[in-house]
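Number of protein chains: 2
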Amino acid sequence: MQELAIEVAGRSYPILIGDKLLDDAAVLERCVAARDVLVVTDETVAPLYLERVLRGLAGRRTASIALPAGEQHKTLAGVAPVFDALVAARLNRDACIVALGGGVVGDMAGFAAACYQRGIDCVQVPTTLLAQVDSSVGGKTGVNHPGGKNLIGAFHQPRAVIADTATLQTLPARELRAGLAEVIKYGLLGDLGFLVWIEQNLDSLLALDSRALAAAIRRSCAAKARIVVADERELGQRALLNLGHTFAHAIETATGYDTWLHGEAVGVGMLVAADMSARVGWLARPDVQRVRTLLARSGLPVEAPKIGADRARKLIGIDKKVRDGRLRLVLLRNLGDALVTDDYPADALNATLSAHFDGAGT
Amino acid sequence: MQELAIEVAGRSYPILIGDKLLDDAAVLERCVAARDVLVVTDETVAPLYLERVLRGLAGRRTASIALPAGEQHKTLAGVAPVFDALVAARLNRDACIVALGGGVVGDMAGFAAACYQRGIDCVQVPTTLLAQVDSSVGGKTGVNHPGGKNLIGAFHQPRAVIADTATLQTLPARELRAGLAEVIKYGLLGDLGFLVWIEQNLDSLLALDSRALAAAIRRSCAAKARIVVADERELGQRALLNLGHTFAHAIETATGYDTWLHGEAVGVGMLVAADMSARVGWLARPDVQRVRTLLARSGLPVEAPKIGADRARKLIGIDKKVRDGRLRLVLLRNLGDALVTDDYPADALNATLSAHFDGAGT
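Each protein sequence line maps, in turn, to chains A and B.
Position 12, counted from 1, in the first sequence is what my numbering calls 12; the numbers after and before it change by one each time, with no gaps.
To convert, take the position in the second sequence, counting from 1, and add 362; that gives my numbering.
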């Protein structure tokens with residue numbers, strides 16, 4: 001088992017990473033301090049892991065709720081049944097929510113924990129690679145609004161995170177690959193050594209080698225934690241985490257959020273950002289190719305959907321990341337060295353959008 | 363104009379209190395830093411004050427929404443239109459919500475501000491005495507659940523509070539009196555001098571003398587701020603603010619929240635708490651009578667509804683204030699000196715509940 005301590009807002013919580021952690025009663029025993037627990041999961045994950053978690057919580061007063069699976073249920077109305085379950089189980093401020101599932105479950109359950117009686121404990125048990133990497137650090141919780149993703153939410157740090165790599169055995173291969181896109185992101189944006197490690201260990205990761213997966217998760221979480229902590233000192237570092245996300249946002253919005261997985265869109269978004277970084281004169285062309293190769297080897301798409309450059313421009317224009325009318329982008333000075341900037345030629349952005357979204361190819 | 367600086371979580375915000383503040387453009391100019399503003403109000407307050415506030419915000423990009431008036435709309439679903447309005451107006455993280463209305467509007471708008479893009483600014487413009495006194499300090503926001511009041515919410519400190527005593531001229535007399543109950547609470551729980559001041563100035567307060575009102579609001583807010591700050595040092599002082607509230611909760615739940623105003627229930631609840639404090643041997647009988655007289659002079663009810671002691675016992679038993687199965691109550695050692703305790707004879711509680719809720723009189 002690997003362990004990472006995340007320091008945030010004057011306290012610390014552990015991320016436990018390893019194989020078959022959910023079969024180890026001592027792990028849940030250690031992470032869940034509360035006597036009263038609501039396990040929030042979804043209808044896909046419940047049949048796979050709910051019983052195991054409830055067994056690990058034996059001796060406590062437990063209740064559970066399985067939400068319908070899917071991002072389309074991640075709405076304000078969709079989180080109401082969690083509040084109903086908390087009230088029905090008569091849980092009070094000392095209770096704890098255990099969020100068992102992917103990012104949608106984690107975001108919704110975490111948001112419910114943030115709001116129920118103005119904040120109760122939450123232990124995150126992410127069962128997708130994306131959630132293990134991305135939701136374990138940062139404390140972002142929330143739901144979507146028809147007007148935009150994650151527009152309604154709260155910061156709520158978990159009490160602990162349990163990332164059981166064994167749960168990835170039941171994850172559809174496509175979702176595993178989407179999670180790898182975020183792992184690659186952490187290499188690309190700040191750690192060339194990690195990027196090289198991913199290139200070298202990609203086959204093990206795709207083969208679900210638990211040791212390789214645990215290492216990738218730990219390094220990704222550690223990288224994210226460094227950035228989030230730096231951002232608490234108001235250095236604006238957190239925006240780096242959006243590498244690829246502005247373009248991904250355009251793809252997801254244009255295609256309705258149900259064609260592309262988030263990680264897939266982020267993968268292509270990073271390639272678009274790399275390409276633009278080359279057009280601006282920062283990244284060498286072979287490095288763009290290296291990004292493309294790694295994404296392709298990971299089984300991720302490397303071609304953006306041809307939604308049209310005009311549409312893409314509009315869609316990134318209404319992104320939350322716009323401040324004072326200038327579009328700040330996360331670009332790459334080098335592999336492993338990202339920056340946030342609005343200081344680039346407008347032509348470079350236009351050419352990039354045309355190349356990727358008009359169908360002219362990269 | 364009176365001004366009170368509230369220090370919380372490392373920053374400070376002002377409470378401005380005075381007559382006709384909404385007619386003073388400099389006040390809104392000073393309090394609302396954002397360029398983009400959504401004014402959230404309700405259908406009762408909108409015709410009275412919305413135009414005035416929008417005029418005070420001239421030069422900014424403004425939108426407004428008037429929610430249906432009434433506590434029954436203070437639900438998770440009821441706050442959705444505020445998010446819709448924020449999105450429709452394309453407001454981003456730099457935007458500000460101005461909450462114009464009573465406690466319900468303040469709670470809902472504050473909660474929306476806490477959650478929109480994980481937190482935007484909120485300026486509270488309370489237009490009821492209860493809200494001016496009670497919601498200005500503490501940062502509690504939220505909505506009700508069928509299972510209990512304020513079960514869903516967040517802590518979100520306002521950027522500023524503007525308490526215009528002129529708005530109390532349009533407040534129904536009954537609501538003014540209900541607000542006075544909370545003012546009296548601050549005297550009772552911690553400041554005998556203030557209690558005496560209220561006794562001496564009650565006629566001016568009931569006659570809506572703006573100078574007396576401003577003084578009462580300022581002293582109440584200052585008292586609450588002292589308690590909230592003490593509580594941040596984990597002294598558990600905040601529970602003192604619940605003086606009268608446990609019994610009020612039983613009254614409100616039994617009568618369905620639409621017969622008794624919250625302040626009215628709190629008034630009777632404080633009398634019940636005072637009576638029990640006398641039964642325990644702390645408060646002198648004449649002091650209980652003094653509380654009753656002050657409430658009666660304020661035009662507040664002094665008889666609890668006869669819901670039955672058994673029902674009352676059950677209703678206070680499921681209150682949020684129960685920890686580890688023991689019911690902690692806020693009682694009075696003396697006028698102006700409250701304490702939180704679960705160390706009292708069960709008989710004293712039973713006799714108190716019988717006396718007030720079975721119809722045997724006090």
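Built from N, CA and C at the ideal position, the CB exists for glycine as well.
Since we're looking at a predicted model, the values are computed, not measured.
What residues of chain B sit near residue i, judged by a beta carbon separation below 8 angstroms?
{"i": "lysine 140 (chain A)", "result": "Arg480"}
For residue i, does the count of other Cβ atoms within 10 angstroms reach 16, so buried, or fall short, so exposed?
{"i": "arginine 292 (chain A)", "result": "buried"}
{"i": "serine 374 (chain B)", "result": "exposed"}
{"i": "alanine 58 (chain A)", "result": "exposed"}
{"i": "aspartate 134 (chain A)", "result": "buried"}
{"i": "alanine 360 (chain A)", "result": "Note that alanine 360 (chain A) has pLDDT 49, beneath the 50 cutoff, so the model's placement of it is unreliable and no number is given."}
{"i": "asparagine 350 (chain A)", "result": "exposed"}
{"i": "leucine 202 (chain A)", "result": "buried"}
{"i": "arginine 333 (chain A)", "result": "exposed"}
{"i": "leucine 180 (chain A)", "result": "buried"}
{"i": "glycine 330 (chain B)", "result": "It is not possible to answer for residue 330 (chain B), since the shown part of chain B is limited to 363 through 724."}
{"i": "glycine 704 (chain B)", "result": "The question names glycine, but residue 704 (chain B) is aspartate in the sequence shown. Answer is exposed; the Cβ neighbour count stays below 16."}
{"i": "aspartate 121 (chain A)", "result": "buried"}
{"i": "arginine 580 (chain B)", "result": "buried"}
{"i": "glutamate 71 (chain A)", "result": "buried"}
{"i": "threonine 259 (chain A)", "result": "exposed"}
{"i": "glutamine 494 (chain B)", "result": "buried"}
{"i": "alanine 46 (chain A)", "result": "buried"}
{"i": "proline 286 (chain A)", "result": "exposed"}
Identify the contact partners of residue i in chain A, using a Cβ-Cβ distance below 7 angstroms as the criterion.
{"i": "alanine 442 (chain B)", "result": "Leu76"}
{"i": "isoleucine 514 (chain B)", "result": "Phe83, Cys115, Tyr116"}
Beta-carbon separation of residue i and residue j under 8 angstroms?
{"i": "leucine 213 (chain A)", "j": "alanine 273 (chain A)", "result": "no"}
{"i": "glycine 153 (chain A)", "j": "arginine 480 (chain B)", "result": "yes"}
{"i": "leucine 129 (chain A)", "j": "leucine 100 (chain A)", "result": "no"}
{"i": "isoleucine 307 (chain A)", "j": "threonine 246 (chain A)", "result": "no"}
{"i": "leucine 34 (chain A)", "j": "aspartate 94 (chain A)", "result": "Per the sequence shown, the amino acid found at residue 34 (chain A) is alanine instead of leucine. Cβ distance < 8 angstroms, so alanine 34 (chain A) and aspartate 94 (chain A) count as in contact."}
{"i": "valine 642 (chain B)", "j": "glutamine 519 (chain B)", "result": "no"}
{"i": "serine 220 (chain A)", "j": "valine 196 (chain A)", "result": "no"}
{"i": "valine 37 (chain A)", "j": "valine 79 (chain A)", "result": "no"}
{"i": "aspartate 19 (chain A)", "j": "threonine 165 (chain A)", "result": "yes"}
{"i": "leucine 697 (chain B)", "j": "leucine 567 (chain B)", "result": "no"}
{"i": "methionine 363 (chain B)", "j": "leucine 383 (chain B)", "result": "yes"}
{"i": "valine 401 (chain B)", "j": "leucine 378 (chain B)", "result": "no"}
{"i": "aspartate 404 (chain B)", "j": "leucine 429 (chain B)", "result": "yes"}
{"i": "alanine 474 (chain B)", "j": "valine 444 (chain B)", "result": "yes"}
{"i": "leucine 168 (chain A)", "j": "leucine 438 (chain B)", "result": "no"}
{"i": "alanine 525 (chain B)", "j": "threonine 503 (chain B)", "result": "no"}
{"i": "valine 449 (chain B)", "j": "leucine 48 (chain A)", "result": "no"}
Note down, in chain order, each residue of its chain lying with its Cβ closer than 7 angstroms to the Cβ of residue i, except the 5 sequence neighbours on either side.
{"i": "leucine 261 (chain A)", "result": "Arg174, Glu175, Ala178"}
{"i": "valine 340 (chain A)", "result": "Gly236, Ala239, Leu240, Arg328, Val330"}
{"i": "arginine 313 (chain A)", "result": "Leu353"}
{"i": "alanine 666 (chain B)", "result": "Ile613, Val630, Val634, His718, Phe719"}
{"i": "glutamate 199 (chain A)", "result": "Leu294"}
Who are the Cβ neighbours of residue i in its own chain at under 6 angstroms, not counting the five residues just before and after it?
{"i": "glycine 606 (chain B)", "result": "Val628, Gly631, Met632, Ala635"}
{"i": "leucine 189 (chain A)", "result": "Leu240, Leu243, Ala338"}
{"i": "alanine 160 (chain A)", "result": "Tyr13, Pro14, Cys31, Val123"}
{"i": "serine 298 (chain A)", "result": "Arg177, Leu180"}
{"i": "valine 650 (chain B)", "result": "Ala636, Asp637, Ala640"}
{"i": "alanine 248 (chain A)", "result": "Ala265, Val266, Gly269"}
For a contact meaning CB atoms closer than 7 angstroms, what does residue i contact in chain B?
{"i": "phenylalanine 155 (chain A)", "result": "Arg480"}
Taking Cβ-Cβ distances shorter than 9 angstroms, what residues in chain B pair up with residue i?
{"i": "valine 87 (chain A)", "result": "His507, Pro508, Gly509, Gly510, Leu513"}
For residue i, verify whether its CB is less than 7 angstroms away from any heavy atom of the ligand ADP.
{"i": "aspartate 565 (chain B)", "result": "Among the components of this structure there are no ligands whatsoever, and the ligand ADP is therefore not found."}
Apart from the five residues on each side of it in sequence, which residues of its chain come closer than 8 angstroms, Cβ to Cβ, to residue i?
{"i": "valine 302 (chain A)", "result": "Gly267, Val268, Leu271, Arg292, Leu295, Ala296"}
{"i": "proline 345 (chain A)", "result": "Val280"}
{"i": "leucine 300 (chain A)", "result": "Arg177, Ala178, Leu180, Ala181, Gly263, Glu264, Gly267, Val268"}
{"i": "valine 229 (chain A)", "result": "Glu7, Val8"}
Strictly under 8 angstroms for the Cβ-Cβ distance: is residue i near chain C by that measure?
{"i": "histidine 607 (chain B)", "result": "Of the chains in the structure shown, none is chain C; the protein chains are A and B."}
- prompt: Could you give the uninterrupted runs of the beta strand (DSSP E) lying entirely in the region 491 to 542 of chain B, keeping only those of 3 residues or more?
  reply: List check, beta strand (DSSP E) in window: 502 to 507, 510 to 517, 522 to 526.
- prompt: Taking only runs of the alpha helix (DSSP H) that begin and end inside the region 195 to 259 of chain A, which ones reach a length of at least 4 residues, in chain order?
  reply: Positions of the alpha helix (DSSP H) runs, each at least 4 residues long and wholly inside the region 195 to 259 of chain A, are given as 210 to 232, 245 to 255 in order along the chain.
- request: Could you tell me which uninterrupted alpha helix (DSSP H) segments, each at least 4 residues in length, are contained entirely in the region 23 to 75 of chain A, listed from first to last along the chain?
  value: Correct list: 25 to 31, 51 to 56.
- prompt: Taking only runs of the alpha helix (DSSP H) that begin and end inside the region 440 to 490 of chain B, which ones reach a length of at least 4 residues, in chain order?
  reply: Runs of the alpha helix (DSSP H) inside the region 440 to 490 of chain B: 465 to 477.
field: Ordered list of alpha helix (DSSP H) runs contained in the region 659 to 717 of chain B, each at least 4 residues
entry: Here the runs fully enclosed are 671 to 679.
- request: May I have a chain-ordered list of the alpha helix (DSSP H) segments no shorter than 4 residues that lie completely inside the region 1 to 26 of chain A?
  value: If we require 4 residues or more, the region 1 to 26 of chain A turns out to have no alpha helix (DSSP H) run fully inside it.
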